[in-house]
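**Student:** Under mature numbering (1 follows the signal peptide of the UniProt record, and there is no 0), read the sequence shown as residues -25 to -1, 1 to 452, first letter to last.
The beta carbon of each residue, even a glycine, is placed where N, CA and C say it ideally should be.
The structure that follows is given in the form of structure tokens.
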Amino acid sequence: MKNKITTLINKCVFVFVLMAFFSTAKTFGQIGIPTYPFSQICASPSFNTFTLNFTFSTANTYVLEMSDANGSFATLTGITILSSQTSTSPGSFTFKVPTTTAGENYRFRVRGGTTTGPQSSPALAAYYKAFNADFTLNGGISPINICGSGIFQLLIDNGPASNDSPVDFPSLKYKWKKNGVFVPGETGSFLNINSSGDYQAFVDYGNCSTLDDGQIEKSVKVTVNIVAAGSTFTIASSSGNTICPPATSILSVTAGYSYQWSRDGVAISGAQANTYVASQAGSYTVIVNQGGCSSTSTPFVLSTEGFNSSIDVQQEPLANIISAGETKTITVTTDAVSPTFEWYLNGTLIPLATTNSYTTSDVGNYKVKIKQTSGCNTFKEFFFLLKEGINPNQVPNLISPNDDGVNDTWVIPQDYVNANTEVLIIDPQGNVDFQTVNYQNNWPVKEIVFKSTNPVYYYIISKDGSPVKKGSITIIK
């Protein structure tokens, strides 16, 4: 009897264990492996929405989990659930990945309460493409000529604004190519080189990168030339050796590292690119720094197809003095081919004034415009001012030393003020009143006594001992 009871108990235990096993198997079988239509996750600031599906057999509260980049669920990747459907099977989760996502072996699984799906999804690549635009190296200059031997560094440019360069995202890695072949082991934002070639950098987003011309996140290709020290450079001109003003010529030289242009031996302020827009004639050179040493180009002489002109009066801002009622003839000399002339007074064209000279007694602001009508059709302009007053080239014969600040002293032309010119002034009685060289326009130096008439003095101006000018000076109150 005892054996029968023992056998019955053993059968009950076996049945209980068997039921527990099938119950557990059934529980694990309630959640299917997550499925999705994508082969990798390539998220970006403009796109970060993904949906996966799963099957289940009983209602529950389900949770989607994403492993770390190595496929381990010990440390989960913090995805954000945007929406879910878990009331009827098949269920779904729509989610976005964090901006730190980067790796080749992510997995997904679904948990329901304490129950987890029998296994996770197959491994897949997932990347958040924080930067998805093209970029430049070393200021976008190409080609770059490096002088002599040594190491030169190619750098990914950091743009002026935030997040406009991949270097604004320190976690990014890169792949570099030289002549279309990957440079092994180089994953940083710079590349040290010592040989010529065509170089290009790509942001490495793993399987989300094509690493070819079709990829958006790549640099502009840069050609690097290793040149011998002391190499010569030749300036090219967009208009040949001549320009027809006001046209300009673009001068250029093979790209190097830095530049300084000069005209007629004088450095041009701000001219520090590999091109320069020239509007003046002259002999141009450029110093090209090639990253270690520098070379000066051969001179390039740029001439103008214009003409030469001159005018026989002082140009603005200086003034030309004429006395009241005095007429003055202004003459232009030019070698222009088939020239025409236009004269203006105070901005108004003067009728019938069409020759190279003009005679006037009117004061004002004048302009004369000379046009060359054959060959290089260009023009030149002169601006001058006629002003009424005492002509500084005439020796005055009247002064009024009354301390009113006007005409108090005898002022003579500057041509007579030097160490070789003597000024002698004689009083009405024939006595020497004043004698000096390098006259400083300071006579009279003492008070003049007035009697019944205005006194008259006499002057003699001598140069190197010989008189060159004589006359009288009347003194009035």
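1) In terms of DSSP beta bridges, what is K452 paired with?
2) Terminal residues of the continuous beta strand (DSSP E) containing G115?
3) Look up S96 in the DSSP assignment and give the residues it is bridged to.
4) Please give me, in chain order, every unbroken run of the beta strand (DSSP E) with length at least 3 that falls completely inside the stretch 335 to 396.
5) Can you name, in chain order, every residue of its own chain whose Cβ lies under 8 Å from the Cβ of A(-1), other than the five neighbours on each side?
6) Use the C-beta contact count for V197: other C-beta atoms within 10 angstroms, 16 or more gives buried, fewer gives exposed.
7) Look up D143 in the DSSP assignment and say whether it is helix, strand or coil.
8) Sorted by chain position, which residues of the same chain lie with C-beta nearer than 7 Å to D408's C-beta, five sequence neighbours on each side aside?
9) Mind reading off the beta-carbon distance from Y174 to S164? Whole number of angstroms is fine, and I expect it under 8 Å.
10) Give a yes or no on contact between the stretch 129 to 141 and the stretch 45 to 52, applying the rule of three or more CB pairs nearer than 8 Å.
11) Hey, is the stretch 24 to 36 in contact with the stretch 57 to 65, meaning 3+ C-beta pairs nearer than 8 Å?
12) Span of the beta strand (DSSP E) holding R238?
13) Grab me the residues of Y333's own chain with a C-beta within less than 6 Å of its C-beta, minus the 5 sequence neighbours each way, in chain order.
14) According to the neighbour-count rule (16 or more other Cβ atoms, all chains shown, within 10 Å of its Cβ), is P97 buried or exposed?
15) Determine the direct distance from the alpha carbon of N377 to that of D383, and round the result to whole angstroms.
16) Compute the Euclidean distance between the alpha carbons of S447 and E356, then round it to the nearest angstrom.
17) Only counting the same chain, and skipping five residues up and downstream in sequence, which positions put a Cβ closer than 7 Å to that of K452?
18) Compare the C-beta of N45 with all C-beta atoms of chain C and state if any pair is closer than 8 Å.
19) Give the list of continuous beta strand (DSSP E) stretches no shorter than 3 residues that lie fully inside the stretch 262 to 287.
20) Residues in the same chain with beta-carbon distance under 6 Å from S336, minus the five sequence neighbours each way, listed in chain order, please.
21) Apply the 10 Å Cβ neighbour rule to P221 and answer buried if 16 or more other Cβ atoms are within range, or exposed otherwise.
22) Report yes or no: do the stretch 228 to 243 and the stretch 253 to 263 share at least 3 C-beta pairs separated by less than 8 Å?
23) Three Cβ pairs or more, each shorter than 8 Å: is that satisfied between the stretch 318 to 327 and the stretch 287 to 296?
24) Is the separation between the beta-carbon of Y11 and that of R86 shorter than 8 Å?
25) Closest to Y414 by CA distance: which of S21, S437, Q247 and N429 is it?
26) Could you check if residue 466 is buried or exposed, using at least 16 other CB atoms within 10 Å of its CB as the buried criterion?
27) Return the residue from the list R82, Y103, F144 and S42 that minimises the CA-CA distance to K71.
28) When the Cα of K362 is compared with those of G339, N352, Y234 and T329, which residue comes out closest?
29) What is the DSSP secondary structure of G66, counted as helix, strand or coil?
30) Specify the secondary structure class of N182 as computed by DSSP and reduced to three states.
31) Rounded to the nearest angstrom, how far is the Cβ of N23 from that of P118, given a contact under 8 Å?
32) Starting from E291, trace the beta strand (DSSP E) both ways and give me its first and last residue.
33) For S58 versus T74, is the C-beta distance shorter than 8 Å?
34) Determine whether the beta carbon atoms of S19 and N107 lie at a separation below 8 Å.
35) Evaluate L166 with the Cβ neighbour count: other Cβ atoms within 10 Å of its Cβ, from every protein chain shown; 16 or more gives buried, anything less gives exposed.
**Tutor:** On the basis of the data shown:
1) None; K452 has no bridge partner.
2) In this chain, G115 is not harboured by any beta strand (DSSP E), its DSSP state being neither H nor E.
3) In the DSSP output, where bridge partners are listed per residue, S96 has none listed.
4) Correct list: 339 to 347 and 354 to 363.
5) Only weak support is given to the placement of A(-1): the predicted model assigns it a pLDDT of 38, under 50, and the value that follows is read from those uncertain coordinates. There are no such residues.
6) V197 should be labelled buried.
7) In the structure shown, the three-state DSSP call for D143 is helix.
8) These residues qualify, in order along the chain: I400, I401, D402 and Y432.
9) Going by Cβ atoms, the distance from Y174 to S164 rounds to 13 Å, so no, they are not a contact pair.
10) They do not touch, by the three-pair rule.
11) The answer is yes - the stretch 57 to 65 touches the stretch 24 to 36, with three or more Cβ pairs under 8 Å.
12) That run of the beta strand (DSSP E) goes S233 to R238.
13) Its chain contains I305 and W318 as the residues whose beta carbon lies nearer than 6 Å to that of Y333, once the 5 sequence neighbours on both sides are disregarded; these appear in chain order.
14) Around the beta carbon of P97, a 10 Å sphere encloses fewer than 16 other beta carbons of the protein chains shown; the residue is thus reported as exposed.
15) Cα to Cα, the separation comes out at about 6 Å.
16) If you draw a straight line from the Cα of S447 to the Cα of E356, it is about 42 Å long.
17) If we look at K452 and ignore the five residues flanking it on each side, its Cβ neighbours are S375, N377 and F425.
18) The chain labelled as chain C is not found in the depicted structure, where only one protein chain is given.
19) Within the stretch 262 to 287, the complete beta strand (DSSP E) runs of at least 3 residues are 269 to 271, 275 to 279 and 284 to 286.
20) Taken in chain order, the residues that qualify are T302.
21) Exposed, by the Cβ-count rule.
22) Taking 8 Å as the limit for Cβ pairs, the verdict is that the stretch 253 to 263 does touch the stretch 228 to 243.
23) For the pair of segments examined, the stretch 318 to 327 was found not to touch the stretch 287 to 296: the number of CB pairs separated by less than 8 Å stays below three.
24) By the CB criterion at 8 Å, Y11 and R86 fall outside the cutoff.
25) Of S21, S437, Q247 and N429, the residue nearest in Cα terms is S437.
26) A question about residue 466 goes unanswered here, because the residues of the chain that appear run from -25 up to 452.
27) Ranking R82, Y103, F144 and S42 by Cα distance to K71 puts Y103 first.
28) Closest in alpha carbon position to K362, among G339, N352, Y234 and T329, is G339.
29) The three-state secondary structure of G66, taken from DSSP, is strand.
30) Three-state result, N182: helix.
31) The beta carbons of N23 and P118 sit about 39 Å from each other, so the pair does not count as a contact at 8 Å.
32) Following the DSSP letters along the chain, one finds E291 in no beta strand (DSSP E), marked with neither H nor E.
33) No, Cβ-Cβ distance for S58 and T74 is not below 8 Å.
34) With a cutoff of 8 Å on beta-carbon distance, S19 and N107 are scored as near each other.
35) By the neighbour-count criterion, in which 16 or more other beta carbons inside 10 Å mark a residue as buried, L166 falls on the buried side.
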